[in-house]
Amino acid sequence: MIPEDKRNLVENALQTTFGTTEINDIHQLTAGLSTALVYRIAVQGKPYLLRIITRTDAMADPTLEYNCMQAAADAGIAPRVWYTSIADRIAITDFIDARPFPLEEAKIKLPELFKRLHALPPFPFRINYLDTMEGFIQKFQAAKLMPVHLMSEMLGAYTRIKAVYPRSDSDMVACHNDLKPENTLYDGERVWLVDWEAAFLNDRYLDLAIAANFAVRSEADETDYLKTYFGEDATAYRRARFFLMRQILHLFYFVVFVLMSKGAEGLIDFEKPVPLFRDFNDDIWAGKISLHDMDARLQYALVHRQQFLENIKLKRFEEALRVVSSSCGKE
Numbered sequence: 049m050i051p052e053d054k055r056n057l058v059e060n061a062l063q064t065t066f067g068t069t070e071i072n073d074i075h076q077l078t079a080g081l082s083t084a085l086v087y088r089i090a091v092q093g094k095p096y097l098l099r100i101i102t103r104t105d106a107m108a109d110p111t112l113e114y115n116c117m118q119a120a121a122d123a124g125i126a127p128r129v130w131y132t133s134i135a136d137r138i139a140i141t142d143f144i145d146a147r148p149f150p151l152e153e154a155k156i157k158l159p160e161l162f163k164r165l166h167a168l169p170p171f172p173f174r175i176n177y178l179d180t181m182e183g184f185i186q187k188f189q190a191a192k193l194m195p196v197h198l199m200s201e202m203l204g205a206y207t208r209i210k211a212v213y214p215r216s217d218s219d220m221v222a223c224h225n226d227l228k229p230e231n232t233l234y235d236g237e238r239v240w241l242v243d244w245e246a247a248f249l250n251d252r253y254l255d256l257a258i259a260a261n262f263a264v265r266s267e268a269d270e271t272d273y274l275k276t277y278f279g280e281d282a283t284a285y286r287r288a289r290f291f292l293m294r295q296i297l298h299l300f301y302f303v304v305f306v307l308m309s310k311g312a313e314g315l316i317d318f319e320k321p322v323p324l325f326r327d328f329n330d331d332i333w334a335g336k337i338s339l340h341d342m343d344a345r346l347q348y349a350l351v352h353r354q355q356f357l358e359n360i361k362l363k364r365f366e367e368a369l370r371v372v373s374s375s376c377g378k379e
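If you want it as structure tokens, here you go:
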């Protein structure tokens, strides 16, 4: 199951960590979209997670990933780290036996956990999220996957957000940046964050917005979610930042997942009916939908587009732009 060219490296990791190369049981885990090879292994009767980085690019930096993971583990946010090798790109951590995570608990436990994560010493800077998004939008436009008249309203709204949204301020903190359900594991009592491949210094509102796709279902939920995170009622400025980041994320997911799911001919019906945003994300949270499926990826993209188009028509969109652009609103 472990690739031939990785076996000696894995055996060295096992010998160094446990004094044995014997694996009692092994299963490959395929949840998530990472290119890393991930296994549940049992050594000396105890389960562990074995993760092998396979790609080499700007977002596959084992030094940064392992340092962020270790800092989070030391804070009780990530599972215990038993072994890492930057040269071999191998890590062994505790295995978390995940249980169903009730949304009512997630609404409370996730913002509490993010508050602790964001209070860690700042992670290294890797990329500017908005600049990276700009690159994906340009790639999307160059691919000519969508008629211009359908894209213009979205780009117009994004341009307005980009013009006022802060790029560098005190809200740049240690972020996970990939807080989808398979990376937020609930053991029945605690929540653990796993897969630190995308961790770097980023805007705190991105982590909050990603998890909010699943945990925030109403205005009341949003009020409680932000109050739990900030430890007080969120100001108009914080609510505006949060709302605008959610719109940035909707557009980003649309663009990226269309690029990931396009067919050989690139023919996509952008005007076909799609499920409601809330229903679709509820099914992802419950494990009923997997984004490994290409059709699900495309639906996911279109669901985010639909939600973005609905939200930019709200009075709240104009108000959020006004508040964030106002210098007196900044904290």
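Residue numbers (this note's numbering): 49 to 379. In this text, a Cβ means the ideal position worked out from N, Cα and C, and glycines have one as well. The structure displayed is predicted, hence computed values, not measured ones.
From the DSSP output, which residues share a beta bridge with Q63?
Counted from its first residue, the sequence shown places residue 63 at position 15. None; Q63 has no bridge partner.
Return the chain-ordered list of same chain residues with a C-beta closer than 6 Å to the C-beta of I185, the five sequence neighbours on each side being excluded. For the purposes of this step, residue 185 is taken as residue 137 along the sequence shown, with counting starting at 1. Closer than 6 Å at the Cβ level, and outside the excluded window around I185, lie V303.
Sequence-distant residues of the same chain with beta carbon closer than 8 Å to C223, five excluded per side: Taking the sequence shown and counting its residues from 1, one reaches residue 223 at position 175. Excluding positions up to five away in sequence, the list reads L165, H166, F171, A247, F248, L249, N250, D251, R252, L254 and D255.
Top-ranked residue by Cα proximity to D243, from D235, V129 and K163:
Here the question's residue 243 lines up with position 195 in the sequence shown. Considering only alpha carbons, the answer is V129.
Exercise. Since H294 contacts L274 with CB under 8 Å, what's their CB separation in whole angstroms?
Worked result: Within the sequence shown, residue 294 is the residue found at index 246, counting from 1. Within the sequence shown, residue 274 is the residue found at index 226, counting from 1. The residue you asked about is not His; residue 294 is Arg in the sequence shown. About 12 Å separates the two Cβ atoms, so there is no contact after all.
Report the three-state DSSP secondary structure of Q92 (helix, strand or coil). Numbered from 1 along the sequence shown, position 44 holds the residue referred to as residue 92. Coil at Q92, not helix or strand.
Using C-beta distances below 7 Å, list every residue in its chain close to A123, excluding the 5 sequence neighbours before and after it, in chain order.
Mapped onto the sequence shown, residue 123 falls at position 75. The residues are R164 and L168.
message: Please state the DSSP three-state secondary structure of W333.
response: Here the question's residue 333 lines up with position 285 in the sequence shown. Residue state, collapsed to three classes: helix.
Practice prompt. Look at F300 and E270 and say whether their C-beta atoms are less than 9 Å apart.
Written response: Taking the sequence shown and counting its residues from 1, the one referred to as residue 300 is at position 252. Taking the sequence shown and counting its residues from 1, the one referred to as residue 270 is at position 222. No, Cβ-Cβ distance for F300 and E270 is not below 9 Å.
Legend entry - Among V351, T104, T232 and E280, the one whose alpha carbon lies nearest that of N329: In the sequence shown, the residue the question calls residue 329 occupies position 281. Of the candidates V351, T104, T232 and E280, the one whose C-alpha sits nearest the C-alpha of N329 is V351.
**Request:** Provide the residue(s) that pair with L249 in DSSP beta bridges, ordered along the chain.
**Result:** Position 201 of the sequence shown, counted from the start, is the residue given in the question as residue 249. Note: L249 sits in a beta bridge opposite A222.
Problem - Backbone CA spacing between A312 and Y348 [nearest angstrom] - result: The residue you call residue 312 lines up with position 264 of the sequence shown. The residue you call residue 348 lines up with position 300 of the sequence shown. For A312, the predicted structure reports a pLDDT of 45, less than 50, and the residue's modelled location is therefore unreliable. The matter cannot be settled from this model.
> Using the beta-carbon count (16 or more within 10 Å), is Q355 buried or exposed?
Replying inline: Numbered from 1 along the sequence shown, position 307 holds the residue referred to as residue 355. So Q355 counts as buried.
Nearest-angstrom Cβ-Cβ length linking S309 and R353, presumed shorter than 8 Å
Locating residue 309 in the sequence shown gives position 261, where the first residue counts as 1. Locating residue 353 in the sequence shown gives position 305, where the first residue counts as 1. At roughly 13 Å, the Cβ-Cβ gap does not stay under 8 Å, so S309 and R353 are not in contact.
Under the rule that 16 or more other beta-carbon atoms within 10 Å means buried, what is E358, buried or exposed? The residue labelled residue 358 in the question sits at position 310 within the sequence shown. Exposed, since its Cβ has fewer than 16 Cβ neighbours within 10 Å.
Could you name the residues of the same chain whose beta carbon sits closer than 8 Å to that of I71, not counting the 5 residues immediately before and after it, in chain order?
By 1-based counting over the sequence shown, the position of residue 71 is 23. Once the five neighbours on either side are set aside, the close Cβ partners of I71 are L62, I89, A90 and V91.
Could you give the distance in angstroms between the alpha-carbon of F173 and the alpha-carbon of I209? If you number the sequence shown from 1, residue 173 lands on position 125. If you number the sequence shown from 1, residue 209 lands on position 161. Looking at the two C-alpha atoms, the distance is approximately 23 Å.
ask   = What three-state label does DSSP hand D343 in the structure shown?
value = Mapped onto the sequence shown, residue 343 falls at position 295. Three-state result, D343: helix.
| Which whole-angstrom value describes the C-beta separation of T232 and L158, a residue pair presumed to lie in contact below a C-beta threshold of 8 Å? | Within the sequence shown, numbered from 1, the residue matching residue 232 stands at position 184. Within the sequence shown, numbered from 1, the residue matching residue 158 stands at position 110. Right, the Cβ-Cβ distance comes to about 7 Å (below 8 Å), so this counts as a contact.
Using the three-state DSSP reduction, which class does S200 fall into: helix, strand or coil?
Translated into the one-based positions of the sequence shown, residue 200 becomes position 152. Here S200 sits in helix by DSSP.
Since R215 and L161 are thought to touch, with beta carbons under 8 Å apart, how far apart are those beta carbons, to the nearest angstrom? Mapped onto the sequence shown, residue 215 falls at position 167. Mapped onto the sequence shown, residue 161 falls at position 113. The Cβ separation is near 26 Å, so there is no contact.
Quiz item: Are the stretch 51-69 and the stretch 103-122 in contact at 8 Å, needing three or more beta carbon pairs?
Solution: no
Which residue's Cα is closest to the Cα of L193: L315, E201 and I144?
-> Taking the sequence shown and counting its residues from 1, one reaches residue 193 at position 145. Nearest of L315, E201 and I144 to L193, Cα basis: L315.
Cut-off 7 Å between Cβ atoms - residues of its own chain near K155, not counting five sequence neighbours on either side = Stepping through the sequence shown from its first residue, residue 155 is reached at position 107. Closer than 7 Å at the Cβ level, and outside the excluded window around K155, lie A263, D269, D272 and Y273.
Following the continuous alpha helix (DSSP H) through I296, name the residue where it begins and the one where it ends.
In the sequence shown, counting from the first residue as 1, residue 296 sits at position 248. Note, I296: alpha helix (DSSP H), A284 to S309.
- Query: What three-state label does DSSP hand D243 in the structure shown?
  - Reply: Reading the sequence shown from its first residue, position 195 is the one you call residue 243. DSSP places D243 in coil when its eight states are reduced to three.
Item to check | Pairwise C-alpha distance: Y87 and I74 | outcome: Locating residue 74 in the sequence shown gives position 26, where the first residue counts as 1. Locating residue 87 in the sequence shown gives position 39, where the first residue counts as 1. So the alpha carbons of these two residues sit roughly 7 Å apart.
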